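Notes to accompany the following structure.
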Amino acid sequence: MLLSRENIEKIDVSKVELPQGSSFELPERVLQFGTGVLLRGLPDYFVDKANKAGVFNGRVLVVKSTSSSGTDEFAEQQGLYTLCIKGIEEGQEVVRYSINNAISRVLSASKDWETILEAAHNPEMQIVFSNTTEVGIVLSNDKITDNPPASFPGKLLAFLYERYRHFKGDTTKGLVILPTELISDNATKLKKILHSLAAQNNLEKDFLAWLDEANDFCNTLVDRIVPGRLPKEEQQQTEQELGYQDQLMIMAEPFRLWAIETGSQRVKQILSFAEVDSSVVLVPSIDKFKEIKLRLLNGTHTLSCAAALWSGFITVKEAMQNDSFNAFVKGLMKNEISKAIVDQHIEIQDAEDFSNRVIDRFSNPFLEHRWESIALNYTSKMNMRNIALLEKWYKKNLVPPLHMALGFAAYIKFMNTKVQNGQYVQEIDGQEIALQDEFAPVLFDYWKNPQTVVHNVLHDDSLWGKDLTTYPEFEQAVKQYLDEINANGVLKTIENLNAEWQVEY
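Residue numbers (the numbering used here): 1 to 505.
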């Protein structure tokens, strides 16, 4: 039995959360660019959750821009798909299934452009979602009269111009535009590109005024791991358990966050789906959430990556099952990173709460997050995510952050590579890891003199933007941990640090 509107009543409600039959009749209130799993696992999840609570009462018209197949599956299942939420929440394993009925139609930009433009005439349309990857928000030479325009900004501008003309510049018919692309200031950049495209297309000044006055472009930050399709065997087991087939079934972790930057009461009223989930945050500035995520999630990944690899762990969940490594990660987050980032905007409780949720996420037994993947572009990640942390730490402390120092020592050891077929390669427990790091040649040269490698790496401001040897006792701490790692291994070094940390803190 294939998941479809006709078959919903045959599905066991005790195993999966079902949509109400009336939800199929809800009006289209969202235009969404993209069918990707992040959109279906986060924004569309919030829309469906609100609809089930009788709050938002609107559905999503999806525009598929890529040439690959995919609209047929959505048509066969009337947009329905199962979201499998699997992971750790507040220390407990959770598995939940829900049939999502947020999507009303999926249209192909290349085949259905006129139909998509007709949706601009819908007075109930209020919101735009997008996730077109980082390269989607770029300026092109699009003509809005093309069928369709090639770029996402070109398509959006054509849609907005059609809406402007149809409603004769009515300022109450503007849209709330929520890009979820993982670039900083995503909506601000998108709006700037639309202005440039409008000028290229010689659009009238009245339209530009309407674009600015009637529409709200809100910068957003999204955070949820949505691996997407289940492995084939797991998919079959799940379908057997639930009693139906689903070509569109996807998985997501329990954690979710959508921070949306706005101070507008109009926007808050339109985004009523935020009322049903505290993980949708409408705030005047999303900077706090960007900082917390970058430092506590991404920074922790980077500072613990080499230590995990040297300990023989393949995946993040495997590392978190080790008590010593788990304690090291907690110590790193709660006693160093959290204390470093607390300021007038970030309270200690903010950092504490997020740290606890990161521990849950790292421990998720259903995710195969490989440390080798985290190690890609290692030096650049270390610079972007963690050097500012050192600066923040030393503004408050005169002693070195020991967990960070150990993380740096493991990183420096990881960069002691060999050259093989033109690649820089690290070998751990007989397994070779080919580095993708533009600074690998620099570190390779520094390792030609092991006695000075720590000083040379930390002193090199071309790597870090500053000389890290100027931080009191940081160089000594990194060197001490590198010597200890070489003598005893990473896990023993971590155990010693954990014992010291328990006394010191």
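No residue lacks a Cβ here, since even glycine has one placed at the ideal position from N, Cα and C.
As the structure is a computational prediction, the values presented were derived from the model and not from experiment.
Apart from the 5 residues on each side of it in sequence, G228 sits with its Cβ closer than 6 Å to the Cβ of V37, I250 in its chain, given in chain order. Under the DSSP assignment, M251 falls in the beta strand (DSSP E) whose first and last residues are 250–252.
The three-state secondary structure of R385, taken from DSSP, is helix. Taking a C-beta distance under 9 Å as the contact criterion, K64 and T35 qualify as a contact pair. Inter-residue distance for V457 and E76 is about 57 Å (C-alpha atoms, whole angstroms). Per DSSP, reduced to three states, the secondary structure at W447 is coil, with no helix or strand assignment. In this structure, the beta-carbon distance from T171 to E124 does not fall below 9 Å. When the beta-carbon positions are compared, A259 and L297 stay at least 9 Å from each other.
In the structure shown, F129 falls within a strand segment according to DSSP collapsed to helix, strand and coil.
The region 17–25 and the region 90–105 touch, with three or more beta-carbon pairs separated by less than 8 Å. Short of 6 Å from the beta carbon of C218, and not among the five residues preceding or following it, lie these beta carbons of its own chain, in chain order: L178, A187, I260, E261, T262.
In the DSSP assignment, the residues bridged to I99 are T82. Distance from the Cα of K396 is smallest, within the candidate group L182, M415, S338, D146, for S338.
A distance below 9 Å separates the beta carbons of L463 and F439. Assigned with DSSP and collapsed to three states, Q240 falls in helix. Of all alpha-carbon atoms in D460, P450, E473, the one lying nearest the alpha-carbon of D483 is that of P450.
M404 is the residue among M404, E9, D246 whose C-alpha sits nearest the C-alpha of G299. Below 8 Å, enough C-beta pairs join the region 369–382 and the region 301–311 to call them touching: three or more. Under the 10 Å beta carbon count, T115 is surrounded by fewer than 16 other beta carbons and is classified as exposed. Looking at the DSSP output, A259 bridges to L221, V281. Put simply, of R361, A199, E318, A477 the residue whose alpha carbon is nearest the alpha carbon of E253 is R361. DSSP places I270 inside the alpha helix (DSSP H), whose first and last residues are 265–270. Here A209 is exposed: its Cβ has fewer than 16 other Cβ atoms, across all protein chains shown, within 10 Å. Following the DSSP letters along the chain, one finds K339 inside the alpha helix (DSSP H) bounded by residues 338–341.
Contact between the region 377–384 and the region 408–416 is present: three or more C-beta pairs spanning the two stretches fall below 8 Å. Between the C-alpha atoms of G174 and Q236 there is a straight-line separation of about 44 Å. I433 sits in a strand when the DSSP states are folded into three classes. Look at the beta carbons and you see the region 328–345 not touching the region 364–371: under three pairs across the two are nearer than 8 Å. C-alpha of L398 to C-alpha of F354: approximately 26 Å in a straight line.
Between V60 and Q32 the beta-carbon gap is near 5 Å, inside 8 Å, which marks them as a contact. The beta-carbon separation of A158 and L117, rounded to 7 Å, stays under the 8 Å limit for a contact. A direct Cα-to-Cα measurement between V135 and L194 gives close to 15 Å. The alpha-carbon of Q426 is positioned some 34 Å away from that of A351. The DSSP-derived three-state label of V16 is coil. Between V281 and F273, the C-beta spacing is not below 9 Å. Annotated three-state conformation of P123 is coil, per DSSP.
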